[in-house]
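J.: Residue numbers (UniProt numbering): 1 to 266.
Here a beta-carbon is modelled for each residue, glycine too, at the ideal position from N, C-alpha and C.
All of these numbers come straight from a predicted model, not from anything done at the bench.
First, the structure itself, so that you have it in front of you.
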Ligand SMILES: [Zn+2]
Ligand SMILES: [Zn+2]
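Put into structure tokens, the structure is as follows:
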């Protein structure tokens with residue numbers, strides 16, 4: 001199966017984050033080979049030094065990130081549209097720091113993701129045992145309250161991997177908090193990262209789940225396709241299935257350029 005013209009993979013990492021492999025040029029080549037029209041690098045944003053430091057580039061590496069992606073942009077000009085964005089974290093108290101980094105460069109696209117509940121990196125396989133100590137209903141209510149905070153912060157274009165706490169199979173027993181978060185996301189005019197990485201995790205399902213995809217599409221929330229690739233072989237992963245699923249749910253697929261929505265889909 002081949003991909004239709006005009007598709008972008010808008011969630012890609014680079015080795016600068018310390019847990020991805022392959023030169024950005026190899027991600028671009030993989031995108032070309034997969035039949036994509038463009039990509040947007042969205043590596044993990046630098047954060048204050050006390051926050052999750054081993055899993056992201058340092059602030060003093062930001063220029064190297066920008067320059068490397070710009071080199072790849074030039075190398076692939078006319079063959080593949082290469083854009084430059086960030087996956088930013090929403091963590092209360094760090095908004096000012098994040099705003100500074102976002103002002104440092106004219107990014108194409110900024111994803112807002114929640115990876116921490118308090119001091120717990122809940123998507124880190126090393127700390128998965130913590131789920132056993134938690135009430136899942138409370139966990140998801142807390143998580144979606146943070147997602148609403150991210151949506152209201154005005155910092156981001158899209159919310160990353162909406163139902164991330166399901167990663168290891170711990171599903172939301174309720175669902176009302178997720179729907180409230182979708183109301184806020186729609187009201188604030190944000191999009192959703194339709195993220196195929198979940199298919200490669202124990203939950204074996206893209207983010208968001210089919211019911212949340214439906215609920216988002218019903219609220220006219222657009223989707224930005226992303227593989228969340230941490231190596232070149234993951235670029236465009238499961239995108240035929242992803243596109244089918246989003247369109248079948250009545251969803252619209254868009255991309256961002258200079259933080260403005262683009263309808264790239266032919
Ligand atoms: Zn990562
Ligand atoms: Zn993420």
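Here's the rule: buried if 16 or more other CB atoms are within 10 angstroms of the residue's CB, otherwise exposed. What is residue 119?
T.: Along the chain shown, one-based indexing puts residue 119 at 119. Exposed is the call here.
J.: Can you list, in chain order, the residues of its chain with a C-beta nearer than 6 Å to that of residue 91? Leave out the 5 residues immediately preceding and following it.
T.: To locate residue 91, count along the chain shown from 1; it is residue 91. For residue 91, where only same-chain residues beyond five positions count, the Cβ hits under 6 Å are 116.
J.: Taking any heavy atom of ligand 1 as the mark, which residues have a C-beta closer than 6 Å to it, listed down the chain?
T.: 13, 17, 19, 44 and 230
J.: Just list the alpha helix (DSSP H) runs in the segment 170-212, keeping only unbroken ones of 4 residues or longer that don't cross its boundaries, in chain order.
T.: As summarised for the segment 170-212, the continuous alpha helix (DSSP H) elements at least 4 residues long and confined to that stretch are 176-187, given in chain order.
J.: Using a Cβ-Cβ cut-off of 7 Å (strictly less than) and excluding sequence neighbours within five positions of residue 170, which residues of its own chain qualify?
T.: Taking the chain shown and counting its residues from 1, the one referred to as residue 170 is at position 170. So the list reads 131 and 136, once near-sequence residues are dropped.
J.: Residue 202 to residue 226, Cα distance in whole Å?
T.: As a first step, residue 202 is located in the chain shown; it is residue number 202 there, counting from the start. As a first step, residue 226 is located in the chain shown; it is residue number 226 there, counting from the start. Rounded to the nearest angstrom, the two C-alpha atoms are 18 Å apart.
J.: Quick one: does the C-beta of residue 160 sit closer than 7 Å to a heavy atom of ligand 2?
T.: Residue numbering aside, residue 160 sits at position 160 when the chain shown is read from its first letter. Checking every heavy atom of ligand 2 against the Cβ of residue 160, one is found closer than 7 Å.
J.: Would you kindly work out how many angstroms separate the C-alpha atoms of residue 261 and residue 139, rounded to a whole number?
T.: Looking up residue 261 in the chain shown gives position 261. Looking up residue 139 in the chain shown gives position 139. Taking the straight line from one Cα to the other gives about 32 Å.
J.: Ordered along the chain, which non-local residues of its own chain (more than five positions away) have a Cβ less than 7 Å from that of residue 54?
T.: Locating residue 54 in the chain shown gives position 54, counting from the first residue. So the list reads 18, once near-sequence residues are dropped.
J.: Is it buried or exposed, residue 70, if we count other Cβ atoms within 10 angstroms and call 16 or more buried?
T.: Translated into the one-based positions of the chain shown, residue 70 becomes position 70. Exposed: under 16 other Cβ atoms inside 10 Å.
J.: What residue from 134, 162 and 133 has the CA that sits closest to residue 145's CA?
T.: Here residue 145 is taken as the residue at index 145 of the chain shown, counted from 1. Nearest C-alpha to residue 145: 162.
J.: Which of the three DSSP states is assigned to residue 239 in this structure?
T.: Indexing the chain shown from 1 puts residue 239 at position 239. In the displayed model, residue 239 falls within a helix according to three-state DSSP.
J.: Can you tell me whether DSSP reads residue 19 as helix, strand or coil?
T.: Taking the first residue of the chain shown as 1, we reach residue 19 at position 19. Three-state DSSP puts residue 19 in coil, outside helix and strand.
J.: Classify residue 122 as buried or exposed, calling it buried when 16 or more other Cβ atoms lie within 10 Å of its own Cβ.
T.: Here the question's residue 122 lines up with position 122 in the chain shown. If you draw a 10 Å sphere on the C-beta of residue 122, you find 16 or more other C-beta atoms in it, and that means buried.
J.: Sort 221, 236, 232 and 241 by Cα distance to residue 252 and report the nearest one.
T.: Within the chain shown, numbered from 1, the residue matching residue 252 stands at position 252. Among 221, 236, 232 and 241, the Cα nearest to that of residue 252 belongs to 221.
J.: Would you call the CB atoms of residue 75 and residue 25 closer than 8 Å?
T.: Translated into the one-based positions of the chain shown, residue 75 becomes position 75. Translated into the one-based positions of the chain shown, residue 25 becomes position 25. For residue 75 and residue 25, yes; Cβs fall inside 8 Å.
J.: Going by the C-beta, is residue 87 closer than 7 Å to any heavy atom of ligand 2?
T.: For this step, residue 87 is matched to residue 87 along the chain shown. At least one heavy atom of ligand 2 is nearer than 7 Å to the Cβ of residue 87, so yes.
J.: By the DSSP assignment, the beta strand (DSSP E) with residue 89 in it spans what residues?
T.: As a first step, residue 89 must be located in the chain shown, where it is residue number 89. Element bounds for residue 89: 81-89.
J.: Work out the CA separation of residue 190 and residue 218 for me, nearest whole Å.
T.: Reading the chain shown from its first residue, position 218 is the one you call residue 218. Reading the chain shown from its first residue, position 190 is the one you call residue 190. Between residue 218 and residue 190, the alpha-carbon positions lie close to 14 Å from each other.
J.: Check whether the Cβ atoms of residue 206 and residue 242 sit closer than 8 Å, and answer yes or no.
T.: The sequence position of residue 206 within the chain shown is 206, counting from 1. The sequence position of residue 242 within the chain shown is 242, counting from 1. Going by C-beta atoms, residue 206 is nearer than 8 Å to residue 242.
J.: Closer than 7 Å: is that where the CB of residue 115 sits relative to any heavy atom of ligand 2?
T.: For the purposes of this step, residue 115 is taken as residue 115 along the chain shown, with counting starting at 1. The answer is yes for residue 115.
J.: Suppose you measure from the CA of residue 150 to the CA of residue 93; what does that come to, to the nearest Å?
T.: For the purposes of this step, residue 150 is taken as residue 150 along the chain shown, with counting starting at 1. For the purposes of this step, residue 93 is taken as residue 93 along the chain shown, with counting starting at 1. So the alpha carbons of these two residues sit roughly 12 Å apart.
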